[in-house]
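S.K.: Mind looking over this structure? Questions follow.
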Amino acid sequence: MRPTRATVLLTAGLVTLLGTPAAATAAEAPSTLYVNSREGSNCADSGPGSQAVPYCTISAAAKVAGPGQTVKIGMGVYPEALNLDRSGMPGKPIVFDAELADRQPAISVKSLTVNGASHLVVRGLRPSTVRVSGSADIELDRLRTAGGHVPGVLIGGASTDVRLTRSHATDVRVEGGSQRTLLGRNELVGVDGPPVSAQDAPDTVITNNRLVNDCFAAASVTGTSTGSALFNNVVYTYRTTSPCPDGAPVTGIEVAPSAASGTRADYNLLVDGETSWLTAYKWAGTTYETAAALKAATGQGEHDILVPSAMMVVDGNDGSPIIDSGDPTAPGVLPTDERDFPTADDPRQPNTGKNGGYIDRGNRETQDSLSTASVEIEENWAPVGTTVTAKVITDSRWGGLTYTYDFGDGTAPVTTKDRTAQHVYAKPCECTVKVTAVTGVGVQATGETTAKATAAGPLTAGFTTQAVLPDSDNPIGYIRPLTYEFDPRPATAAPWPVQRVAVDFGDGTYAHSDHMDRAYAHTYAHPGDYKVTFTLGDKKGAVNTVTRNVRVDYAPSGYAAVEPFRVLDTREGGSLQAGRATPITLPVGIADPKHPQSGSMAAVVLNVTVTDATENTHLSVWPSGQPRPITSNVNVKAGGTASNTVTVPVGADGKVLAQLNAGGASLIVDFVGYYQPNIGRRFTPQTPTRVLDTRTAGGKLGGGQARTVKVAGVNGIPADATAVAFNLTSTGTTQNTHVIAYPDPAKRTATSNLNPEPGVDKSNQAIVPVGPDGTVTLYNNAGATDLILDAVGYYAKDGKALFTPVVPTRLADTRTTGKVAPGATTTVAGIPANALGAVVNITATDTAGAGFLTAHADGTARPEASSLNTRPGVTVPNHVTTPAAGGRIAIWNSWGGSNHVITDLLGYFTQN
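For the sequence shown, the residue numbers in this note's numbering are 266 to 1177.
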């Protein structure tokens, strides 16, 4: 129970001691001076002491501060002995206010001396010692002294009305005729003397302190210190293992005969250990071991408490007798403690203080531990019109809180002492319910949750669909291609909570949950149309199902060029055999620790070489986890070597598969780059443009020789291009060799792009990163060969189109429609109509005479460049990037001889 009278009495006690403060007017508002020694503060002791130009030292401000001014002291280093001798005026003190750290003093000075001054307030400093002499109306608040072997605080020289409050100090002495000194809410420790002693100091008030003693009296009142008061203090000794050196017991409260007149003591708590080293009282020369004995002899100490142990008592633990047992009307009572916490009533503890008051004994006021609050909603998902109940949970030890419930729908908040409150929502909403809990002294904690008021009606299932796309090229963590997310929450009408969710992804996999609280992500093995089904059940037993067709496709992607490197060479560990798919581990994420790449690549560009074939055969490459397509990528004759660029989606396990059609052969795979959504560069296709022809410039490239060619910043290719797609052709070759295209002339890669042979014109497409100064370099391994380089497009930040990979798909095969005659054109359809370009694998077979094929956008002029070179008796494939128009490309056959032409789609470019 909390009687209202206690608060009145508490305030009355403070006013009695300190007097009624003078009323302030707008004209009396004090100006502020600033002190800040931190680096960058722009301080100057000769400056104005403004915020912009503060003083560097406190002493500089002290020399000029006048009545009504406040000196704000910022964090910093102040190695100065602070001497204060200037005075304020009644009601207009000079205030020195130091910045605190976590409610504690943190700014150190060597010492603090107040001499001959009046009307001063000093707050928040850490001086080694404090000396006050010949001064009046001095408030020393929230100080911390170091002390040592001298008094931490010495008040003397007939000073009057000095107040040491809410501080930590050692060996405090009040002497020399000082009068009306107040020591309140302090922790005072005896080191070389009593924690506090008053000698010849009339009317000294020692109230609500913690007095920690060793071998002296905890509170010593001697000499002419008559009329003094000792109330609400906690006294204990830290000597527990051995007696004092002289064998004398430790005294709690000592009042000399000369000081006993008018001196009062009550509502103190003394810890008398089991060793009986503590003599509770020595009053007017007589010792008393109990409060009852003191009361009987002197009338003092009637409500004092003696306890046998300090444990669980002096710190105000639950049930401690110091709680709510003090005298709120005692002289010098302060409304807040050393931590600035207010006087608080623990409702679990009887109010045993004077007149039912509830102030604690000692320097600290026990507080409720309220720091967190949470709220639970019964029926937190229900149709409008349903009564819902909110319940608050806090970490309060005391209870007795006041709660304000805001149900988040615009209705007036509800304030109550009850831990629950009911509400009826009038219209649908997903409302934030907020509850604020408040203690009796105003400490607050807030919690919130969500209540869902739904429209009445049947359970109706629905879901939304979106592709889940990566947003970085981080090797750690990944999002696989063909990952989709299905979310039932936005599209479902559910008046009651959904307690069962069953998802059929349409590919034989399922997911289940007992809450509709998330979206469901799923990675498909291959593109296609899938029937996705959600079955939902609510808490009232209603069940509803929805099925929708979902189209799963690869997402448009940018291209990330890398310096080519080898990922597989079976010559070092066994050849491929027909009829068995060989997995190729790609450098996805950290699969290849030497070459970490993005963990979320969607498709890769490889240079694939087949060598040492035991018979005429072809190789197919496709994403792992998917059926083998009817397409092919590399065709090779028995005993020969053939290579081709391959663009292929990445399987769900980060691999692709390769399989020979017949016989056996060795396989070499070089990693060239990759495509991924939301990163990389866009592609701009262009009409094939010749950038090098050694037959007309520079001559053949000899064995072991390299030639660097300018490719960016010329021929319509911008200077900031990161990679260029070329058709690389060899002719006039003198011996079997291989050619490498690479970006940096100083760092030739251990890869290959083309395998020239004598008497044969060979071509292959290469996507090469742009090197220094916009160049690429070509290297020939052996013999001599002419090289022709035609640019068919480039990748740049401001490129036009993104690439969408597809599972290799056959678009056309003239073996079912008839050969393409010399000089004739075959049109290939099946590319999306909005595609600006396409990546295809074109294969020429059953060739009647040597020649070449040229691919270009249907309906456009044919360029003077070749896409692949045809040879009689040889099946020749080539990876071709070409512009497209209206979903079609045209393939022209030169005048060399008739050909069958096979076209496989690997992907396409669209302007997104």
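Quick reminder that beta carbons are idealized off the backbone N, C-alpha and C, glycines included.
Closer than 6 Å by C-beta to ALA720: which residues in its own chain qualify, once you throw out the five before and the five after it? Chain order, please.
M.R.: As a working note, residue 720 is residue 455 in the sequence shown. Contacts found: PRO693.
S.K.: Measure the CB-CB distance between GLY673 and PRO612 and report whether it falls below 7 Å.
M.R.: What you label residue 673 is simply residue 408 of the sequence shown in a count that begins at 1. What you label residue 612 is simply residue 347 of the sequence shown in a count that begins at 1. No, the Cβ-Cβ distance between GLY673 and PRO612 is not below 7 Å.
S.K.: Measure the CB-CB distance between THR954 and ASN980 and report whether it falls below 7 Å.
M.R.: Position 689 of the sequence shown holds residue 954. Position 715 of the sequence shown holds residue 980. Yes, they are a contact pair.
S.K.: Who are SER311's beta bridge partners in DSSP?
M.R.: In the sequence shown, the residue the question calls residue 311 occupies position 46. Paired residue(s): none; SER311 is not in a bridge.
S.K.: With DSSP run on the structure shown, which of helix, strand or coil describes ILE849?
M.R.: Counted from its first residue, the sequence shown places residue 849 at position 584. Looking at ILE849 - three-state DSSP - the assignment turns out to be strand.
S.K.: Can you name the start and end residues of the beta strand (DSSP E) that SER885 belongs to?
M.R.: Working through the sequence shown from its first residue, we reach residue 885 at position 620. Unbroken beta strand (DSSP E) run through SER885: 882-888.
S.K.: Starting from ILE855, follow the alpha helix (DSSP H) in both directions and report where the run begins and ends.
M.R.: Stepping through the sequence shown from its first residue, residue 855 is reached at position 590. First-last for ILE855: undefined, no H or E at that position.
S.K.: Any idea which residues DSSP pairs SER383 with across the strands?
M.R.: Stepping through the sequence shown from its first residue, residue 383 is reached at position 118. According to DSSP, SER383 bridges with ALA401.
S.K.: Looking only at C-alpha atoms, which of HIS1121, ASN1018, GLY1124 and THR654 sits nearest to GLU643?
M.R.: Position 378 of the sequence shown, counting from 1, holds the residue named residue 643. Checking every option, the nearest Cα to that of GLU643 belongs to THR654.
S.K.: With a cut-off of 8 Å, do at least 3 Cβ pairs link the segment 1118-1126 to the segment 996-1016?
M.R.: The segment 1118-1126 is not in contact with the segment 996-1016.
S.K.: Is there contact between the segment 592-612 and the segment 679-690, where contact requires at least three CB pairs shorter than 8 Å?
M.R.: Cβ pair count under 8 Å is below three, so no.
S.K.: Which ranges would you report for the beta strand (DSSP E) in the segment 616-661 if only whole runs of at least 3 residues count?
M.R.: With a minimum length of 3 residues, the continuous beta strand (DSSP E) runs that stay inside the segment 616-661 are 638-643, 646-648 and 652-659.
S.K.: So, under 8 Å CB-CB, GLY919 and LEU851 are touching, yes? Tell me the CB distance rounded to an integer number of Å.
M.R.: Stepping through the sequence shown from its first residue, residue 919 is reached at position 654. Stepping through the sequence shown from its first residue, residue 851 is reached at position 586. Indeed they touch by this definition, with Cβ atoms about 6 Å apart.
S.K.: For the segment 687-761, which segments carrying the alpha helix (DSSP H) assignment without a break, of at least 4 residues, lie completely within its bounds, in sequence order?
M.R.: Correct list: empty.
S.K.: What three-state label does DSSP hand ALA530 in the structure shown?
M.R.: Here the question's residue 530 lines up with position 265 in the sequence shown. Strand at ALA530.
S.K.: I'd like the list of long-range same chain contacts for TYR775, defined as Cβ closer than 8 Å, with 5 residues on each side in sequence excluded.
M.R.: If you number the sequence shown from 1, residue 775 lands on position 510. Around TYR775: ALA767, VAL768 and ASP769.
S.K.: Give a yes or no on whether the C-beta atoms belonging to ALA1149 and GLY1102 are separated by under 7 Å.
M.R.: Start at 1 with the first residue of the sequence shown, and residue 1149 comes out as number 884. Start at 1 with the first residue of the sequence shown, and residue 1102 comes out as number 837. Their beta carbons are under 7 Å apart, which means ALA1149 touches GLY1102 by this criterion.
S.K.: Within 10 angstroms of its Cβ, does ASP779 collect 16 or more other Cβ (buried), or is it exposed?
M.R.: Taking the sequence shown and counting its residues from 1, one reaches residue 779 at position 514. So ASP779 ends up on the exposed side.
S.K.: Between ALA907 and ALA878, what straight-line distance do the alpha-carbon atoms span, to the nearest angstrom?
M.R.: Residue 907 sits at position 642 when you count from the first residue of the sequence shown. Residue 878 sits at position 613 when you count from the first residue of the sequence shown. One C-alpha to the other measures close to 10 Å.
S.K.: Take GLN1030 as the anchor and find which of THR1090, SER1017 and PRO1023 has the nearest alpha-carbon.
M.R.: The residue labelled residue 1030 in the question sits at position 765 within the sequence shown. Checking every option, the nearest Cα to that of GLN1030 belongs to SER1017.
S.K.: What separation, rounded to the nearest whole angstrom, lies between the Cα atoms of THR594 and THR430?
M.R.: On the sequence shown, position 329 is the one that residue 594 refers to. On the sequence shown, position 165 is the one that residue 430 refers to. Answer to the nearest angstrom: the Cα atoms are 17 Å apart.
S.K.: Taking 8 Å as the threshold, find out whether the segment 726-743 comes into contact with the segment 863-877 through three or more Cβ pairs.
M.R.: The segment 726-743, when compared against the segment 863-877, does touch it at the 8 Å Cβ threshold.
S.K.: Which partner residues does ASP362 have in the DSSP bridge list?
M.R.: As a working note, residue 362 is residue 97 in the sequence shown. Partner(s): LYS337 and ARG388.
S.K.: Over the uninterrupted beta strand (DSSP E) stretch that includes LYS796, give me the two end residues.
M.R.: Position 531 of the sequence shown holds residue 796. Segment 793-803, the beta strand (DSSP E) holding LYS796.
S.K.: Can you give me the Cβ contacts of SER296 inside the same chain, cut-off strictly under 6 Å, excluding the 5 residues immediately before and after it?
M.R.: Translated into the one-based positions of the sequence shown, residue 296 becomes position 31. Correct list, in chain order: GLN334.
S.K.: So what's THR959 in DSSP terms, helix, strand or just coil?
M.R.: As a first step, residue 959 must be located in the sequence shown, where it is residue number 694. It is coil, neither helix nor strand.
S.K.: In chain order, what are the residue ranges of uninterrupted alpha helix (DSSP H) at least 4 long that sit wholly in the segment 458-515?
M.R.: Taking only runs of at least 4 residues, no alpha helix (DSSP H) segment lies wholly in the segment 458-515.
S.K.: Straight-line CA distance for LYS902 to GLY928?
M.R.: The residue labelled residue 902 in the question sits at position 637 within the sequence shown. The residue labelled residue 928 in the question sits at position 663 within the sequence shown. Each residue's Cα considered, the two are about 11 Å apart.
S.K.: Using the three-state DSSP reduction, which class does PRO1070 fall into: helix, strand or coil?
M.R.: If you number the sequence shown from 1, residue 1070 lands on position 805. Three-state result, PRO1070: strand.
S.K.: For the 8 Å Cβ check, are there 3 or more pairs between the segment 626-635 and the segment 697-711?
M.R.: Contact between the segment 626-635 and the segment 697-711 is present, because at least three Cβ pairs lie under 8 Å.
S.K.: What did DSSP end up calling GLY1039 once you bin it into helix, strand or coil?
M.R.: Numbered from its first residue, the sequence shown carries residue 1039 at position 774. Helix, per DSSP.
S.K.: Could you give the distance in angstroms between the alpha-carbon of THR987 and the alpha-carbon of GLY967?
M.R.: Here residue 987 corresponds to residue number 722 of the sequence shown, with the count starting at 1. Here residue 967 corresponds to residue number 702 of the sequence shown, with the count starting at 1. So the alpha carbons of these two residues sit roughly 28 Å apart.
S.K.: Could you give the distance in angstroms between the alpha-carbon of LYS357 and the alpha-carbon of SER400?
M.R.: Stepping through the sequence shown from its first residue, residue 357 is reached at position 92. Stepping through the sequence shown from its first residue, residue 400 is reached at position 135. The straight-line gap from Cα to Cα measures roughly 16 Å.
S.K.: Using beta-carbon positions only, say whether ASP589 and TYR623 come within less than 7 Å of one another.
M.R.: Locating residue 589 in the sequence shown gives position 324, counting from the first residue. Locating residue 623 in the sequence shown gives position 358, counting from the first residue. In contact: ASP589 and TYR623 (Cβ atoms closer than 7 Å).
S.K.: Where does the unbroken beta strand (DSSP E) through LYS975 begin, and where does it stop?
M.R.: Residue 975 sits at position 710 when you count from the first residue of the sequence shown. 970-975 is the extent of the beta strand (DSSP E) around LYS975.
S.K.: Thinking GLY314 and ALA327 are a contact (beta carbons under 8 Å), I'd like their distance in whole angstroms, please.
M.R.: Locating residue 314 in the sequence shown gives position 49, where the first residue counts as 1. Locating residue 327 in the sequence shown gives position 62, where the first residue counts as 1. Actually they are not in contact, since the Cβ atoms of GLY314 and ALA327 sit about 11 Å apart, beyond 8 Å.
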